[in-house]
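So the sequences go chain by chain: H and E. When we follow my numbering, the leftmost residue of the first sequence carries the number 26, and every step to the right adds one. When we follow my numbering, the leftmost residue of the second sequence carries the number 1396, and every step to the right adds one. Just so you know, even glycine gets a beta-carbon here, dropped at the ideal spot from N, CA and C. Notes follow the structure.
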Amino acid sequence: GQNIDQPTEMTATEGAIVQINCTYQTSGFNGLFWYQQHAGEAPTFLSYNVLDGLEEKGRFSSFLSRSKGYSYLLLKELQMKDSASYLCAVRDRGGYNTDKLIFGTGTRLQVFP
Amino acid sequence: GAVVSQHPSRVICKSGTSVKIECRSLDFQATTMFWYRQFPKQSLMLMATSNEGSKATYEQGVEKDKFLINHASLTLSTLTVTSAHPEDSSFYICSARDHTGRYMNTEAFFGQGTRLTVV
């Protein structure tokens, strides 16, 4: 089966660094995505990891360890606008045209001044 | 990134009626589209996978006769909620994957979402 776990809520202070963890179990791993979602809006793509290691993109970085079934999203220099839900999603391999994204429960991050 | 357009963004309908939601890929061919449902403060739950020209694949627990999916062209998929009831009120989101061309299957692009309220 598939199982993706994230903390439900996190809080942090403006200017700080926060790390959001994601652990997963899936039968056919084919990549891990992080998305940001503001209330009432659709998710927006943040990062994609398919190989082990760290991917850095501006203030956001994402790390993957396939052997441990573990990823994290690191947000630096937090801003108030970073208050949102962060969704970890694993692409489950099912053959051509049948890969699908399975989403974790999402982590609601609240940034305080 | 690529653009996926979803329409309508909000709809209110009476219980027992049907509602159609459209999902269009505007600048790429989407051989696969996905339909999700999201309840308040919860994550996205995959309802079905839609492949152009073939029947949709529904996730366990999703009634295919209630949620009709049509993917007749490479740029359009529709979800019809039939005989809607208040418990169907939710945020419905589509996503589309580009298997050919620029984006090379590295991410799925999401529509803006549709807030359905059944009264």
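If you look at Lys1415 of chain E, you'll find it in the beta strand (DSSP E) that goes Val1414 to Ser1420. For a cut-off of 8 Å, the C-beta gap from Leu1474 of chain E to Phe128 of chain H is around 18 Å, too long to register as a contact. Contact between Gly94 of chain H and Tyr49 of chain H holds, since their C-beta atoms are separated by about 5 Å, short of 8 Å. Note on Gly1508 of chain E: 16 or more other CB atoms within 10 angstroms of its CB, so buried under the neighbour-count rule. Its Cα nearest to that of Ser1400 of chain E, the residue E:Asp1422 stands out among E:Lys1461, E:Asp1422, E:Asp1493 and E:Ser1445. A Cβ-Cβ contact shorter than 8 Å links Leu1441 of chain E with Glu1454 of chain E.
Contacts with chain E (Cβ-Cβ distance below 8 Å) from the stretch 70-91 of chain H involve Phe70 and Tyr73, listed in chain order. Spanning the alpha carbons of Asn55 of chain H and Lys125 of chain H requires a straight line of approximately 9 Å. Across the structure, Phe1429 of chain E and Lys82 of chain H are spaced so that their CA atoms are roughly 27 Å apart.
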